[in-house]
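Under the numbering used here, think of the first position of the sequence shown as 387, with each following residue one higher.
In this text, a Cβ means the ideal position worked out from N, Cα and C, and glycines have one as well.
On a predicted model such as this, the values are computed, not experimentally measured, just so you know.
Below is one structure, written out as structure tokens; the observations come after it.
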Amino acid sequence: MQPLKQERAGAANQPGLLAPDTTGMNFYRADPALTDLLKLHLPEALFRHIEPHLDRLGGLAGGYLDECARLADRHTPVLHQRDRFGRDSQYIEYHPAYRELEKAAFGEFGIHAMSIRKGIMGWPDKYPVVAKHAFTFLFNQTEFGMGCPINVTDGCAKLLNNFGSDALKARYLDGLTQTDMSKLTQGGQFMTEKEGGSDVGTLTTTAVQEGDHWRLHGEKWFCSNADAEVVMLLARPEGAGPGTRGVGLFLMPRRLEDGSQNHYRIVRLKDKLGTRSMASGEIKLEGAIAYAVGKLDRGFVQMAEMVNSSRLSNGVKSTALMRRAYHDAMTVARNRVVFGQRIIDLPLARRQLMKIMLPTEQALSMSFLTADALDRAEAGSQDAAALLRILTPTLKFRATRDARKVCGDALEMRGGIGYIEEFATARLLRDAHLGSIWEGTGNIVAIDALKRAVGRHGADGALAADLHARLDDSANVPQTWRKRLGDLADRAIGFARQVAAKSDNEGDARRATSLLYHVASAVALAWEGGRIHEMRGDARRLLLSRMVIDHRVSPGDPFQLTESAAQRAITGHLLGERAIGMAEVGELLSAA
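This is how it looks when you write it as structure tokens:
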């Protein structure tokens, strides 16, 4: 990657001036929890192989790529309808900083192809999803907008690989998984229409067969990565019935075999609150040539695989925003002195830092829990597939909503200048609001978790089995705490079943989904704490497990003081860096 001419000097963390930011921080080295969880979930040889690459990405994300992200966010894409000779030839102009981000994501690290193509970064096999999303997590701490093209290119390749004909695979699969930038063809996913939004069954785009291909007519309303070379989209074949069962899945190339543009136009680009670096547009299909992928009457079901993978990715990316926000808030709190004290030593600030830390660590644990379930499901485990069915919408629902508040609280920690666009906190907050509407709004996803995953598919049984198995596998965790978590898991799942049982209870779907998330994350944190204590003598993630139950599950009395001696001690340990053994943690778990 060639260095850009920067519009400003790198942010020098000079003492005596404003509080420093995260410029120059290596986001991998600054995150021991990430290292711990990777060691828990990955084979040792694979972890050893990827760690140098994670370390390099962590350094780039806190330095050069962060400056690229700032510039790309400021200099947004521009749609051109004609070339300089007056010929109709649409293209989108990107700032060079955006191209540098592409080179890192698609070229050097190949995040889009890690779980599809062998040989990425010298590993002889495909990567498990857990490993891929470690790179997703680090990259999106600096650039959230590029996370969409990475994800949809990955998703297009998976759909093509799973359902496409041999001829389509031969023509398009290699380009979608390339790390050679001169051969790469990025993917897109165009689903949303004005008429339906999340109600996909009402789409009006039509498909008419013409020999070996189809002609598409209609309009797609919110198309991210608008100039993608290969697009997966849904359309209703001529004569097909209503609803999602009448919808087919199609591959639409940007250019035809003779090099000419396909018969669709980017009408305009969206002026978005966040992810401003990445082009999202409105697309008018005017007889565009496309090819059927898989069975025509299974189009929605096939596309749902991509949507669910995107929801997991979305949860990981929102976790990344929270981690970056946490890094920034802690950098301010540790370095800024007010009223004669460091901010981190002030009681209210410590409480606010915990409100930033706790959802971040929950989301990190749930991201790896869900990614691990996907890896096991793809290896053929039906139990893992059922677990994945409920974890995916649960993660997507809660983590993306938490990111909005976490990023806002981190902005406030910096004070007035956190609101200024020269600092990353403003961009983080803008980007965070996309996560909760991407691949379904909160209401849509909560209904999916409760009415479908629990009510229709019975996936709650797999969740109950997994949580209790993790508690049984945590013999070094105090029995009283394991018993409490097991009881709460049963109650949360029982409440979810109650909500799912009757349509009249739909108003409680969000609360029930949140409870599933909080209890599952508390169990995961306890399991991790026991394992990490065995690895290196630090059981502090168990303290996070207690904080989840105390502050996000158990209702508090608004007229009662909450800062007990135990709570203050737990906060001190979690905001500090010293490892804490199981004996001391056990005392704090049982303290009032």
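Along the region 551-626, the beta strand (DSSP E) occurs as fully enclosed runs of 3 or more residues at 573-576, 592-596, 599-610, 616-623, listed in sequence order. Relative to the Cα of residue 773, the nearest Cα in the group 715, 783, 851 belongs to 851.
Assignment of beta-bridge partners to residue 676 by DSSP yields 600. Scanning its chain for C-beta atoms nearer than 7 Å, with the 5 sequence neighbours on each side dropped, one finds around residue 563 the residues 499, 502, 503, 543, in chain order. Of the other Cβ atoms in all chains shown, fewer than 16 fall within 10 Å of the Cβ of residue 866; this residue is therefore exposed. The three-state secondary structure of residue 441, taken from DSSP, is helix.
About 6 Å separates the CB atoms of residue 836 and residue 899; that is less than 8 Å, so the two are in contact. Contact between residue 408 and residue 448 holds: their C-beta atoms lie close to 6 Å from each other, under 8 Å. When 463, 732, 635, 965 are compared, the shortest CA-CA separation from residue 684 is found for 635.
Distances from the CA of residue 746 to each of 776, 715, 775 were compared; the closest alpha carbon is that of 715. Cα atoms of residue 525 and residue 440: separation of roughly 10 Å, rounded to the nearest angstrom.
Going by beta carbons, residue 722 and residue 405 fall inside the 9 Å limit. Taking a cut-off of 8 Å on C-beta distances, the region 453-466 touches the region 662-676, as three or more cross pairs fall below it. The alpha-carbon of residue 482 is positioned some 13 Å away from that of residue 490.
For residue 510, the closest C-alpha among the options 903, 436, 553, 487 is that of 436. 575 is the residue among 651, 657, 575 whose C-alpha sits nearest the C-alpha of residue 620.
Residue 523 is positioned such that its CB atom lies closer than 9 Å to that of residue 753. The beta carbons of residue 915 and residue 840 sit no closer together than 9 Å. Minimum Cα-Cα distance from residue 540 among the listed residues 869, 517, 573 corresponds to 573. Between the beta-carbon of residue 417 and that of residue 709 there is about 7 Å, and that keeps the pair under the 8 Å contact cut. Buried is the label assigned to residue 953, since at least 16 other Cβ atoms lie within 10 Å of its Cβ.
Listed in chain order, the non-local C-beta contacts of residue 656 below 8 Å within the same chain comprise 608, 666, 667, 668, local neighbours out to five positions each way being set aside. In this structure, residue 938 keeps its C-beta atom at 9 Å or more from the C-beta atom of residue 959.
For the pair residue 854 and residue 872, the Cα-to-Cα distance works out to about 6 Å. Ranked by Cα distance from residue 585, the first of 686, 546, 978, 725 is 686. The beta carbon of residue 675 is closer than 7 Å to those of 599, 601, 642, 648, 649 in its chain, skipping five residues each way along the sequence.
Pairing residue 515 with residue 761 gives a Cβ-Cβ distance under 9 Å. Relative to the Cα of residue 531, the nearest Cα in the group 735, 729, 659 belongs to 659. Bounds of any alpha helix (DSSP H) do not take in residue 473, whose DSSP letter is neither H nor E. The residue from 690, 611, 631, 626 with its alpha-carbon nearest to that of residue 652 is 611.
Residue state for residue 513 is assigned as coil, using DSSP reduced to three classes. The Cβ atoms of residue 704 and residue 911 do not sit closer than 9 Å to each other. Assignment of residue 704 by DSSP, reduced to helix, strand and coil, places it in the helix class. Excluding its 5 nearest sequence neighbours in each direction, residue 794 has C-beta neighbours in its own chain below 7 Å: 815, listed in chain order. Inclusion of residue 496 and residue 588 in the CB contact set at 9 Å is not warranted, their separation being larger than that value.
Annotation for residue 652: the continuous beta strand (DSSP E) segment containing it runs 650-655.
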